[in-house]
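A.B. asks: Residue numbers (my numbering), protein chains in the order written: chain A, 281 to 583; chain B, 238 to 571. Yeah, the Cβ is synthetic: ideal placement off N, Cα and C, and Gly gets one too.
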Amino acid sequence: MRGRLRPALLPLALGLLVLLGAGKPEAGERRVVFDQLGRRLEVPADPRRVVALAESVTEIVFAVGRGERLVGTTRFADHPPEALRIPRVGTYIQLDIERIAALRPELCIGTRDGNPRAAVERLEALGIPVYVTHPMGLSAMLASIREIGRLLNAEGRAEELAGDLERRIARVAARAQAQGRRPRVFFQIGVDPVVSAGRGTFLHELIETAGGENAAGEAEGYPQYGAEHLVRLAPEVVVITTMTQGADFEAVRRAWGRFPNIPAVRDGRVHVVDAAVFNRPAPRLVDGLETLARLVHPAAASP
Amino acid sequence: MRTPLPIARILRVKALLLPVFAAALLAGLAWGSGGGGPGALWRSIAGLPLEDSVLADIFWKIRLPRVLLAALTGAVLSLGGLVFQALLRNPLAEPYILGISGGAAIGAILGILAGLPRFPWGSLAAFAGAMGTVGLLALFSSWRTGLGKDALLLSGVMINAFCGAVILFLISVTSDVRLFNILSWLMGDLSLAAMEQVALLAAVTAVSAAALFFLSHGMNLILLGRDTALSLGVRLEALTWVLLAVTSLMVGVSVSLCGLLGFVGLVMPHLMRLLFGPDHRVLVPACVLGGGAYMIFCDLLARILPRQGEMPVGVVTALIGAPAFIFLLRRAAR
């Protein structure tokens with residue numbers, strides 16, 4: 281009988297312990313921060329064990345020089361190569377709460393763009409603070425670099441990085457401004473079906489900053505396109521992100537090749553770029569921006 | 238006509254199934270991606286110190302709600318199958334195949350898209366969706382086309398297909414990130430179970446199971462055939478509607494919390510009938526315990542089979558259940 285009562289009592293007792301522990305100042309220094317959703321949370325002043333709940337967060341943590349503090353990351357985190365050695369905690373959409381808890385993180389850093397809210401709530405119920413980033417565009421991405429730097433006591437490095445990225449973005453924007461014409465750019469995510477990025481996405485912002493006009497700009501979110509619609513859009517530049525280069529990529533190119541009347545096809549301006557660079561709101565996004573700028577305005581980009 | 242409650246048999250069935258249920262519960266608690274194992278679980282239950290203190294959190298705060306939610310939803314879906322098999326007098330009926338779960342899912346998705354909080358409005362919307370499907374089924378059955386009992390089941394199958402199409406339609410017209418969450422929930426997902434959800438489903442299940450137990454003699458009489466039941470003084474119309482409402486309520490809430498889990502209501506009632514005979518007064522408690530244990534087992538498989546991460550538990554229930562459906566179809570045809 282005693283044994284059967286335990287399960288009910290244990291969480292209670294543990295909860296009490298956690299509460300008591302949090303109240304004591306000597307139980308490791310803590311401070312209050314607000315995440316990018318404006319939620320108030322209490323985090324260790326110098327968190328040593330951190331789990332990144334998204335690939336982009338992993339890249340940012342490494343970029344601010346705190347990669348060695350990551351004890352867990354999401355399944356597809358492959359950049360920088362050191363990230364491949366970190367234990368996995370599921371995908372950013374389906375997080376493995378158990379495994380995260382087993383890693384005893386002092387802090388989790390997640391993203392509004394994909395992490396289910398219920399997962400964040402479950403982690404916080406276990407007493408693990410979750411800082412949620414909300415990288416909706418280039419400036420928000422820079423802000424999350426600075427915030428993550430502050431969280432991990434790497435403000436100097438983060439500031440340096442963010443400042444550098446800011447200058448690079450400004451340079452691209454200035455060059456784009458100098459070009460009068462804005463070619464219509466169709467950004468293709470995924471092969472089948474053809475999905476593009478409309479207004480309100482950071483890819484839209486990237487295209488605009490690079491000096492293009494988003495061919496999918498009349499739609500919002502991530503619209504889907506059929507062949508008819510593509511011919512009608514008549515983009516001047518097509519940029520395709522693909523995970524698997526090679527056969528897949530050739531198939532997509534051939535698919536576009538069926539419509540030689542589309543300006544981009546006629547002028548040989550159908551390009552394939554690395555999906556990981558464009559999908560993740562991390563420092564590499566600025567590399568993506570520069571790549572995009574070169575593809576949109578080839579003449580202007582060459583120094 | 239009413240035979241005395243077979244208390245001895247009910248107790249015997251419970252004595253047989255309780256250890257199975259308890260074993261499933263313990264297994265569900267012991268294994269998972271976060272480590273543990275029976276030894277550590279035992280130490281934690283006995284109150285001995287654990288080498289890895291975080292395991293206590295994993296056992297009692299993460300796995301316990303999940304295992305309990307699995308048990309409850311397994312019980313609900315098994316009971317749902319039991320009721321529909323009696324009402325339609327067709328061994329192939331169950332909430333998923335008949336589209337009741339699909340209707341509930343449409344309700345829940347509309348609720349999510351309308352921005353309603355999942356609790357309690359999402360569950361109520363799911364209940365409304367389930368009732369909608371039941372209403373359609375009742376409408377079809379009242380046509381009396383003389384096509385026999387399979388016509389109603391086929392209507393249900395079509396309603397289910399239609400619900401699937403409506404769900405995909407809703408997903409394609411909303412290009413937004415909430416879509417990802419809807420998709421994993423649709424496949425049946427227990428990974429984010431929380432105690433509040435367990436409490437809600439526990440309350441609904443307790444009331445529904447009690448009601449069904451109370452009505453179980455009526456279900457026995459329905460199986461004797463419509464005319465016989467009427468001649469025995471069963472108020473068939475009223476009984477049918479109460480059974481349908483109770484089932485819709487519990488299935489609706491279960492779907493809104495756990496998503497679509499197919500074929501559970503098929504596998505369990507049959508197994509229980511095979512083991513304990515056709516008396517619903519025995520089958521109702523048997524389905525609660527057996528269905529609960531079965532779902533915990535399926536969820537455990539969903540957690541430990543993939544080398545990385547986990548698969549939706551709906552995949553496991555369908556992998557086991559769809560072949561079982563074919564098997565039962567063959568048997569029924571003979």
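What number of angstroms, rounded off, separates the C-alpha of residue 488/B from the C-alpha of residue 283/B?
C.D. replies: So the alpha carbons of these two residues sit roughly 36 Å apart.
A.B. asks: When the cut-off is 8 Å and only beta carbons count, does residue 316/A lie next to chain B?
C.D. replies: Not one chain B Cβ lies under 8 Å of residue 316/A.
A.B. asks: Quick one: what's residue 411/A bridged to in DSSP?
C.D. replies: BP columns for residue 411/A point to 389/A.
A.B. asks: Are the C-beta of residue 565/A and some C-beta of chain B separated by less than 8 Å?
C.D. replies: By this cut-off, residue 565/A is not an interface position.
A.B. asks: Three-state secondary structure (DSSP) at residue 494/A?
C.D. replies: The answer is strand: DSSP assigns residue 494/A an E or B state.
A.B. asks: Distance, Cα to Cα, residue 457/A vs residue 519/A?
C.D. replies: Straight-line Cα distance between these residues: approximately 21 Å.
A.B. asks: Quick check: residue 374/A and residue 421/B, are their CB atoms within less than 8 Å of each other?
C.D. replies: Yes, Cβ-Cβ distance for residue 374/A and residue 421/B is below 8 Å.
A.B. asks: With 8 Å as the C-beta to C-beta threshold (strictly closer), list the residues of the stretch 535–550 of chain B near chain A in chain order.
C.D. replies: Answer in chain order: 545, 546, 547.
A.B. asks: Compare the C-alpha of residue 485/A against each of 579/A, 565/A, 336/A, 369/A and name the closest.
C.D. replies: Checking every option, the nearest Cα to that of residue 485/A belongs to 565/A.
A.B. asks: Fully enclosed by the stretch 521–579 of chain A, which beta strand (DSSP E) runs are 3 residues long or longer?
C.D. replies: Segments of the beta strand (DSSP E) lying fully in the stretch 521–579 of chain A: 550–554.
A.B. asks: With distances taken from CA atoms, which of 308/A, 344/A, 318/A, 370/A is nearest residue 562/A?
C.D. replies: Residue 344/A is the option with its Cα nearest to residue 562/A.
A.B. asks: Give the straight-line distance between the Cα atoms of residue 303/A and residue 452/B, rounded to the nearest whole angstrom.
C.D. replies: Only weak support is given to the placement of residue 303/A: the predicted model assigns it a pLDDT of 41, under 50, and the question is left unresolved by the model.
A.B. asks: Is residue 503/A near the ligand FAD, in the sense that its beta carbon is under 7 Å from a heavy atom of that ligand?
C.D. replies: This structure lacks the ligand FAD; in fact it carries no ligand of any kind.
A.B. asks: Could you tell me whether the Cβ of residue 338/A comes closer than 8 Å to any Cβ of chain B?
C.D. replies: No, no contact with chain B.
A.B. asks: Find the residues of chain A that neighbour residue 431/B, judging by a C-beta separation of less than 9 Å, and give them in chain order.
C.D. replies: In chain order: 398, 401, 402, 405.
A.B. asks: Between 341/A, 573/A, 335/A, 568/A, which has its C-alpha nearest residue 459/A's C-alpha?
C.D. replies: Nearest option by C-alpha distance: 573/A.
A.B. asks: Nearest to residue 477/B by alpha carbon, out of 297/B, 335/B, 456/B?
C.D. replies: Closest by alpha carbon: 456/B.
A.B. asks: Please report how far the alpha carbon of residue 559/B lies from the alpha carbon of residue 451/A, in whole angstroms.
C.D. replies: Each residue's alpha carbon lies about 60 Å from the other.
A.B. asks: Following the continuous alpha helix (DSSP H) through residue 277/B, name the residue where it begins and the one where it ends.
C.D. replies: Segment 275–283, the alpha helix (DSSP H) holding residue 277/B.
A.B. asks: If we count Cβ pairs, one from each stretch, closer than 8 Å, do we get three or more for the stretch 315–325 of chain B versus the stretch 487–504 of chain B?
C.D. replies: Enough Cβ pairs lie closer than 8 Å, so yes.
A.B. asks: Does any residue of chain A bring its CB to less than 8 Å from the CB of residue 251/B?
C.D. replies: No, residue 251/B does not count as interfacial toward chain A.
A.B. asks: What residue range is occupied by the uninterrupted beta strand (DSSP E) comprising residue 313/A?
C.D. replies: Counting along the chain, the beta strand (DSSP E) containing residue 313/A begins and ends at 310–314.
A.B. asks: Run through DSSP, which three-state label would residue 545/B get?
C.D. replies: DSSP places residue 545/B in coil when its eight states are reduced to three.
A.B. asks: For residue 483/B, tell me which candidate among 314/B, 273/B, 396/B has the shortest Cα-Cα distance.
C.D. replies: Checked all of 314/B, 273/B, 396/B; the closest Cα to residue 483/B is 314/B.
A.B. asks: What residues of chain A sit near residue 372/B, judged by a beta carbon separation below 7 Å?
C.D. replies: Ordered by position in chain A, no residue passes the 7 Å Cβ test against residue 372/B, which lies about 31 Å from the chain.
A.B. asks: Using a threshold of 8 Å, state whether the C-beta atoms of residue 382/A and residue 519/B are closer than that.
C.D. replies: No; because the gap between Cβ atoms is not below 8 Å, this pair is not in contact.
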